[in-house]
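**Student:** Residue numbers (our numbering): 1 to 355. Every residue gets a Cβ at the ideal spot worked out from N, C-alpha and C, and that includes glycine. One structure is given below, represented as structure tokens, and several questions about it will come after.
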């Protein structure tokens, strides 16, 4: 925890602020280990104050890292916070520009002694590179999701609904040690597969339909993210052809990922391959994203990204081709960036699973 605090202080000391108020739940967890909600973290004078209401006091005291002081407030919160700010002689307060709620910002702005400074992605940038404990948790989340997917294949058959499949998979997540899905499970069959975020519906599975399954689970706060293709019976020759393009594109991306490569370069390289295969207009999203305490976090792998990949970043590589009114295909793995190559954390073959 001390290393994380030191890194944080380095980041915001250059912004000429006296304190930093953190409101984003994942950022609070990263700095304190508190797993609850409705908390506020004030960093002032090299101290961390975790401010919670009475629902979370006992939980917070049992979870937080050593050195984090747990405080219990009674509403209205702004009055309690005002007293702390005055006690700590805070006149310039940094807040998370993209996270703070409007009502809290307006309340802070009403304090005559206080100046507000907007800060962008201070904690998020610290979270990009994972430590060894974080990597192990993501590995475990990937193992749980892979095992659960393999078990779920046994129930996929003609006539079952997409929701039935998603429900079975999420049940397996919990049975295998996961906390909850890291996002709404995507099960999109047939024409619905051309929807990149086609959440599970009441649609029934028909013979020879491709099924896009995009799934992940949280383990001890950290997420996994995987996409695999399933078919009840043999896919068509066109589907096999497009799958092979996507599989090869993903392989190209995976093999290109390493420390020192820009995230945009990886996206451009994969996108160029798909373009040359004649499907460029049907790859309609970025190549990937970071994974950690949030399912979508920095770095982003797209053509506009400025991030240079570094060792121990955890990312996804997930090219897809989506043919409207026909089908969609995506292959996705969670990966650990290494110094000279990358490590695949998803223990599942990249193939069309025929059931």
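If you measure between the beta carbons of residue 338 and residue 330, is that distance less than 8 Å?
**Tutor:** The residue given as residue 338 occupies position 338 in the chain shown. The residue given as residue 330 occupies position 330 in the chain shown. Result no, Cβ atoms of residue 338 and residue 330 do not sit closer than 8 Å.
**Student:** Do you know whose CA, among 308, 253, 295, lies nearest residue 226's CA?
**Tutor:** Here residue 226 corresponds to residue number 226 of the chain shown, with the count starting at 1. Nearest option by C-alpha distance: 295.
**Student:** Between the segment 171 to 186 and the segment 212 to 221, can you find at least three pairs of beta-carbon atoms closer than 8 Å?
**Tutor:** Cβ pair count under 8 Å is three or more, so yes.
**Student:** Can you tell which of 54, 93, 15 has the C-alpha that lies nearest to the C-alpha of residue 75?
**Tutor:** Counted from its first residue, the chain shown places residue 75 at position 75. Of the listed residues, the one whose Cα sits closest to residue 75 is 54.
**Student:** Using C-beta distances below 6 Å, list every residue in its chain close to residue 305, excluding the 5 sequence neighbours before and after it, in chain order.
**Tutor:** For the purposes of this step, residue 305 is taken as residue 305 along the chain shown, with counting starting at 1. Cβ within range, chain order: 263, 264.
**Student:** Tell me whether the segment 310 to 328 and the segment 270 to 287 touch, counting them as touching only if at least three CB pairs, one residue from each stretch, are closer than 8 Å.
**Tutor:** Touching, per the Cβ criterion.
**Student:** Is the Cβ-Cβ distance between residue 316 and residue 303 less than 8 Å?
**Tutor:** For this step, residue 316 is matched to residue 316 along the chain shown. For this step, residue 303 is matched to residue 303 along the chain shown. No. Outside cutoff.
**Student:** Assuming residue 19 and residue 44 are in contact, meaning their beta carbons sit under 8 Å apart, how far apart are those beta carbons, in whole angstroms?
**Tutor:** Counting from 1 along the chain shown, the entry for residue 19 is found at position 19. Counting from 1 along the chain shown, the entry for residue 44 is found at position 44. So it is a contact: roughly 4 Å between Cβ atoms.
**Student:** Could you say if the segment 122 to 137 and the segment 167 to 177 meet the contact criterion of at least three C-beta pairs nearer than 8 Å?
**Tutor:** The segment 122 to 137 vs the segment 167 to 177: no contact.
**Student:** Hey, does residue 323 have any beta-carbon neighbour from chain C nearer than 8 Å?
**Tutor:** Given the protein chain composition of this structure (a single chain), no chain C is represented.
**Student:** Can you give the beta carbon distance from residue 324 to residue 194, rounded, assuming they're within the 8 Å contact cut?
**Tutor:** Taking the chain shown and counting its residues from 1, one reaches residue 324 at position 324. Taking the chain shown and counting its residues from 1, one reaches residue 194 at position 194. About 5 Å separates the two Cβ atoms, so the contact holds.
**Student:** If residue 15 and residue 117 are in contact, beta carbons under 8 Å, what's the gap, nearest whole angstrom?
**Tutor:** Position 15 of the chain shown holds residue 15. Position 117 of the chain shown holds residue 117. Between residue 117 and residue 15 the Cβ distance is about 6 Å, and since that is below 8 Å, they are a contact.
**Student:** Could you compute how far the alpha carbon of residue 297 sits from the alpha carbon of residue 125?
**Tutor:** Taking the chain shown and counting its residues from 1, one reaches residue 297 at position 297. Taking the chain shown and counting its residues from 1, one reaches residue 125 at position 125. Each residue's Cα considered, the two are about 9 Å apart.
**Student:** Which of helix, strand or coil does DSSP assign to residue 299?
**Tutor:** One-based indexing of the chain shown puts residue 299 at position 299. Strand.
**Student:** Could you have a look at residue 342 and say whether DSSP puts it in helix, strand or coil?
**Tutor:** If you number the chain shown from 1, residue 342 lands on position 342. It is a strand residue.
**Student:** Mapping the DSSP letters down to three states, classify residue 433 as helix, strand or coil.
**Tutor:** Given that the chain is displayed from residue 1 to residue 355, the structure contains no residue 433 and the question cannot be resolved.
**Student:** For the beta strand (DSSP E) containing residue 318, name the first residue and the last one.
**Tutor:** Taking the chain shown and counting its residues from 1, one reaches residue 318 at position 318. Run containing residue 318: none; DSSP gives neither H nor E here.
**Student:** Would you call the segment 28 to 35 and the segment 56 to 70 touching, i.e. three or more CB-CB distances under 8 Å?
**Tutor:** Flag = yes, the segment 28 to 35 and the segment 56 to 70 touch.
**Student:** Let's see if you can read the secondary structure: which residues bound the beta strand (DSSP E) around residue 55?
**Tutor:** Here the question's residue 55 lines up with position 55 in the chain shown. Unbroken run through residue 55: none, as it is neither H nor E.
**Student:** Going by alpha carbons, who is nearest to residue 2 out of 110, 104, 192, 64?
**Tutor:** Walking along the chain shown from the start, residue 2 turns up at place 2. For residue 2, the nearest C-alpha among the options comes from 64.
**Student:** Could you tell me which uninterrupted beta strand (DSSP E) segments, each at least 3 residues in length, are contained entirely in the segment 171 to 250, listed from first to last along the chain?
**Tutor:** Counting whole runs of 3 or more residues, the segment 171 to 250 contains the beta strand (DSSP E) stretches 186 to 189, 210 to 215, 217 to 219, 226 to 231.
**Student:** Compare the Cα-Cα distances from residue 91 to each of 289, 290, 21, 61 and report the closest residue.
**Tutor:** To locate residue 91, count along the chain shown from 1; it is residue 91. That would be 21, whose Cα lies nearest to the Cα of residue 91.
**Student:** Exposed or buried, which one is residue 237 when buried takes at least 16 other CB atoms within 10 Å?
**Tutor:** Start at 1 with the first residue of the chain shown, and residue 237 comes out as number 237. Per the 10 Å Cβ criterion, exposed.
**Student:** Return the CA-CA distance between residue 229 and residue 328, expressed in angstroms with no decimal places.
**Tutor:** In the chain shown, counting from the first residue as 1, residue 229 sits at position 229. In the chain shown, counting from the first residue as 1, residue 328 sits at position 328. Rounded to the nearest angstrom, the two C-alpha atoms are 9 Å apart.
**Student:** What's the gap between the Cα of residue 157 and the Cα of residue 231?
**Tutor:** Position 157 of the chain shown, counting from 1, holds the residue named residue 157. Position 231 of the chain shown, counting from 1, holds the residue named residue 231. Straight-line Cα distance between these residues: approximately 9 Å.
**Student:** What are the uninterrupted segments assigned as beta strand (DSSP E) that are 3 or more residues long and contained completely in the segment 27 to 94, given in chain order?
**Tutor:** As far as the segment 27 to 94 is concerned, its whole beta strand (DSSP E) runs of at least 3 residues are 40 to 44, 47 to 52, 68 to 72.
**Student:** Please classify residue 197 as buried or exposed, where buried requires at least 16 neighbouring CB atoms within 10 angstroms.
**Tutor:** Counting from 1 along the chain shown, the entry for residue 197 is found at position 197. By the 10 Å Cβ count, residue 197 comes out exposed.
**Student:** Determine, using beta carbons only, whether residue 309 and residue 252 come nearer to each other than 8 Å.
**Tutor:** As a first step, residue 309 must be located in the chain shown, where it is residue number 309. As a first step, residue 252 must be located in the chain shown, where it is residue number 252. For residue 309 and residue 252, no; Cβs fall outside 8 Å.
**Student:** From 82, 103, 120, pick the residue whose C-alpha is nearest to that of residue 97; which is it?
**Tutor:** Start at 1 with the first residue of the chain shown, and residue 97 comes out as number 97. Residue 120 is the option with its Cα nearest to residue 97.
**Student:** Less than 6 Å between C-beta atoms, sequence neighbours within five positions excluded: which residues of the same chain meet that for residue 140?
**Tutor:** What you label residue 140 is simply residue 140 of the chain shown in a count that begins at 1. These residues qualify, in order along the chain: 219.
**Student:** Would you please state the rounded distance, in angstroms, between the beta carbons of residue 50 and residue 60? I believe it to be under 8 Å.
**Tutor:** Looking up residue 50 in the chain shown gives position 50. Looking up residue 60 in the chain shown gives position 60. That belief holds up - the Cβ atoms of residue 50 and residue 60 are roughly 6 Å apart, short of 8 Å.
**Student:** Once the 5 residues before and after residue 256 are set aside, which same chain residues still bring their CB inside 7 Å of it?
**Tutor:** If you number the chain shown from 1, residue 256 lands on position 256. Closer than 7 Å at the Cβ level, and outside the excluded window around residue 256, lie 266, 269.
**Student:** What's the C-alpha gap between residue 336 and residue 80?
**Tutor:** Mapped onto the chain shown, residue 336 falls at position 336. Mapped onto the chain shown, residue 80 falls at position 80. Distance between the alpha carbons of residue 336 and residue 80: 42 Å.
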